[in-house]
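The block underneath contains the structure these notes are about, expressed in C-alpha cells.
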Amino acid sequence: MNEQGEYWRDLRTVLAVAKAGSLSGAARLLGISHATVFRHINHIEEKLEAKLFERNRDGYVLTAAGEAITHRVEQFDHDLVALERQILGEELQPRGLVRITTTDTLLINFLSPVFADLQKAYPDIELEIGCSNELVNLNKREAEIAIRPSKKSPDNMVGRKMADIRVGIYGRVQDHEYLLDGNREIESLDGLRDLNWIGPDESLAHLRIYKWLQRNGLYGQVKTRYNSLLAVADAVRHGGGVAILPCFMAAIDPSLLALKTPLDGFDNELWLLTHPDLRKVGRIRACMDFLSSAIDQKKHLLAGEF
C-alpha cells in the first residue's frame, strides 16, 4: 500500500476507535485484529507527532487533537459515501452522450425504431447516430458503439455477433409476381436474364452483389446503377427492375417481392461492438445491453426468415 493509502487507512482506524471507545471494539468494526488497530493508531500518531487518544481504564478517549482529526475524517467519510451513492445512482439511471455508428441501409430499414425505443427507455441518454458506410475508428473515439456488417469482429474491439445477414433477388409485386408461377421462388436464373436489373455502380464494386452479377453474366442487364443500396431498393419499389437486396430491407415492405432468397454465397454477419475501455461505463453498458436484446428479437429479419 502506498503512503497515501496508509494515511487514509490509519485515519479510518482513528474514526473507528473514536466510535467504539476501545481497540477491541474498533477491531470488530473494521474486521481486523486488536494488534493491527493498535499498530495503525501508533503509526498515525507518530506521523502527525500528536497524541490522539488518552488511554485509561474506561477505554480510549479523544484528545483535542483527536477530536479535530475525527471531525474532519467524519466529514470526508460522509462526502465519500455520498459520492459513491451518486455514482451508483448514475449507473442505475445512465445519462450522457452516446455516439453510435452504423450503415445507411441498417439505419433506415432496421435500426431507426430500435434507437427510438432506446431513447424512450433511457431519456437521460443523448444519442448521436452516425450514418456512414465507412469504417469508423472506435480506437480514436470517433464513436462509442458500432453496429456493422462484417465477417468477424474488428481487432481491439469487444462485442458479439448478433445475426447472420442474408440477401435475395427482389422485384415489385405487380410487375414480377408472374415469374413465380405459383412457386415459393424461381428455380433458375434463366427467367431473369431478359429483365432490367438495377445494381450498384463501380464505386460499390467491392460489394459481393456487384461481383455476383459479374460472375453470373447479369451485370450487362443492369440498366440503372446507383452508389447506394437504398437507391437501388427505391428503384425496385417504383418498378425500375429487379435487384439483389439485403433481406431485412424487404422484410417490412409489402411492395417488394422475394423472387429468390436467400442467395448462396452472400453470408455476412452483424456485429455489435465497443472499445474495451468503454464496456463497463454505465451508459455504454446500458445501450449495449438494450441494443443486443432488441436486435436479437429481430434477427430473423436479417436472416430472411419471415
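If you're matching positions, the sequence shown starts at 245 in this note's numbering and goes up one per residue. Glycine included, every Cβ here is placed at the ideal spot set by N, Cα and C.
Please state the DSSP three-state secondary structure of residue i.
i	result
Thr-257	helix
Asp-408	strand
Asn-440	coil
Asn-460	coil
Pro-393	strand
Val-342	strand
Glu-370	strand
Leu-306	strand
Thr-347	coil
Lys-524	coil
Leu-503	strand
Leu-424	coil
Ile-413	strand
Gly-403	strand
Leu-516	strand
Can you check whether the CB of residue j is closer than 8 Å to the CB of residue i?
i	j	result
Ile-391	Leu-516	yes
Met-406	Leu-514	yes
Asp-368	Gln-337	yes
Tyr-414	Ala-487	yes
Ile-285	Val-258	yes
Leu-457	Gly-435	no
Val-417	Ser-499	yes
Gly-412	Pro-506	yes
Asp-408	Ala-494	no
Leu-473	Thr-349	yes
Asn-512	Pro-393	yes
Arg-262	Leu-274	For the sequence presented, residue 262 should be read as Ala rather than Arg. No, the pair does not count as a contact, with Cβ atoms beyond the cut-off.
Val-358	Ala-538	yes
Leu-433	Asn-460	yes
Leu-371	Ile-344	yes
Ser-266	Gly-303	yes
His-562	Asp-254	Look at the range of the chain in this structure, 245 to 550, and you will see that residue 562 is not part of it.
Gly-340	Arg-523	no
Please list the terminal residues of the continuous alpha helix (DSSP H) segment that includes residue i.
i	result
Phe-510	Here Phe-510 belongs to no alpha helix (DSSP H), and DSSP marks it neither H nor E.
Phe-297	Not the alpha helix (DSSP H): Phe-297 falls in the beta strand (DSSP E), residues 297 to 300.
Glu-290	278 to 292
Asp-361	356 to 365
Gly-269	267 to 274
Tell me which residue opens and which closes the beta strand (DSSP E) that residue i is part of.
i	result
Leu-489	487 to 490
Arg-230	The question about residue 230 has no answer here: the residues shown for the chain are numbered 245 through 550.
With a 10 Å radius around its C-beta and 16 neighbouring C-beta atoms as the bar for buried, classify residue i as buried or exposed.
i	result
Arg-410	buried
Ile-496	exposed
Ala-502	buried
Asn-400	exposed
Ala-271	buried
His-482	exposed
Glu-388	buried
Lys-364	exposed
Asp-485	Note that residue 485 is Gly in the sequence shown here, rather than Asp. Buried, by the Cβ-count rule.
Tyr-422	exposed
His-420	buried
Lys-504	buried
Leu-324	exposed
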